[in-house]
Amino acid sequence: MLFPHDHSTAAGAVDELQRLGVAVVVVDRYFPGLPTDAVIFDDFAIGYEVTSAMLERGHRHPAMLWSESDATSVRDRLSGHYRALHDRGLPELPERSALRVYDPLDPTARRQRLRSMLESPERLTAVICGNAPTLELAVSDLLAMEARFLGAVELAAMDQFLTFDMSPLAVVSARLPAREMGRQAARLTHERIEGAGTPRRHVVLRAPVHVADRGQNTLAVVGATAPGR
Numbered sequence: 001m002l003f004p005h006d007h008s009t010a011a012g013a014v015d016e017l018q019r020l021g022v023a024v025v026v027v028d029r030y031f032p033g034l035p036t037d038a039v040i041f042d043d044f045a046i047g048y049e050v051t052s053a054m055l056e057r058g059h060r061h062p063a064m065l066w067s068e069s070d071a072t073s074v075r076d077r078l079s080g081h082y083r084a085l086h087d088r089g090l091p092e093l094p095e096r097s098a099l100r101v102y103d104p105l106d107p108t109a110r111r112q113r114l115r116s117m118l119e120s121p122e123r124l125t126a127v128i129c130g131n132a133p134t135l136e137l138a139v140s141d142l143l144a145m146e147a148r149f150l151g152a153v154e155l156a157a158m159d160q161f162l163t164f165d166m167s168p169l170a171v172v173s174a175r176l177p178a179r180e181m182g183r184q185a186a187r188l189t190h191e192r193i194e195g196a197g198t199p200r201r202h203v204v205l206r207a208p209v210h211v212a213d214r215g216q217n218t219l220a221v222v223g224a225t226a227p228g229r
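Under the working numbering, the very last position in the sequence shown is 229; numbers go up by exactly one each time.
#1: Counting C-beta neighbours from all protein chains within 10 Å, is the total for residue 40 16 or more, i.e. buried, or is it exposed?
#2: Rounded to the nearest angstrom, what separates residue 127 and residue 101 at their Cα positions?
#3: Hey, could you find the ends of the alpha helix (DSSP H) residue 181 is sitting in?
#4: Would you say residue 99 reaches chain B, if we count a Cβ-Cβ gap shorter than 8 Å as a contact?
#5: Would you mind listing the alpha helix (DSSP H) stretches within the segment 96-158 that are 4+ residues and don't spill past its ends, in chain order?
#6: Take the Cβ of residue 96 as the centre, count every other Cβ of all protein chains shown within 10 Å, and call the residue buried at 16 or more, exposed below.
#7: Measure the beta-carbon distance from residue 189 to residue 23 and round it to whole angstroms, keeping in mind my assumption that it falls under 8 Å.
#8: Span of the beta strand (DSSP E) holding residue 212?
#9: Does the segment 26-40 touch the segment 176-194, meaning 3 or more C-beta pairs lie closer than 8 Å?
#10: Identify whether residue 205 lies in helix, strand or coil by the three-state DSSP scheme.
#11: Can you name, in chain order, every residue of its own chain whose Cβ lies under 6 Å from the Cβ of residue 52, other than the five neighbours on each side?
#12: Identify whether residue 5 lies in helix, strand or coil by the three-state DSSP scheme.
#13: Taking only the alpha-carbon atoms, compute the straight-line gap between residue 105 and residue 67 and give it to the nearest angstrom.
#14: Quick check on the DSSP output: the alpha helix (DSSP H) that includes residue 14 runs from which residue to which?
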């Protein structure tokens, strides 16, 4: 069972393993140019439904923050995000959504990127993060800004591996069935080891999207003047 990292170059090795008769099951993402068994989340639906929920809360131009840029999971989520905008007649704003990594940047660079979006003509009111660690970084960076920004910013996450339904940091989040992914991948691996001759297949798991009630305790970062200003 294989979890390819961002910018993975493992496709050639996986192809060779399969030709040698080794059972390979890829999890969480897949190789677009190589047929393999895989267990994945419905990432297009995640991108679509999380974005739709934020649009229904009144946000027209949410920003996207990513921890990875070259994996099918993030690319499919971005496609779902764009489809949600398209279905509502809203433009795609690549300055806010392009697959540029956020997490690995130093704090100054991360905050400069957020600052540029906060000061853009289309006022930023929502940030959708590709995963929970990115969400935590975004909250930290917004709270650490010294210069004033107008209005409030609500946050969402496209995955959440918490034991409860909602992070208080997010008004919308997708809860990924990671344990079920492990079960399905182990089951598929055993089928192949036992000689199953069926075509290679992708098992696609749905992820429920949780939306906070309007009166529920959630975090929205509100712009304020720094002390002494």
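Beta carbons: idealized from backbone N, C-alpha and C, even for Gly.
In terms of the structure at hand:
#1: buried
#2: 14 Å
#3: 178-193
#4: This model lacks chain B altogether, as it is built from one protein chain only.
#5: 107-118 and 132-144
#6: buried
#7: 5 Å
#8: No beta strand (DSSP E) holds residue 212; DSSP gives it neither H nor E.
#9: yes
#10: strand
#11: 84
#12: coil
#13: 10 Å
#14: 11-19
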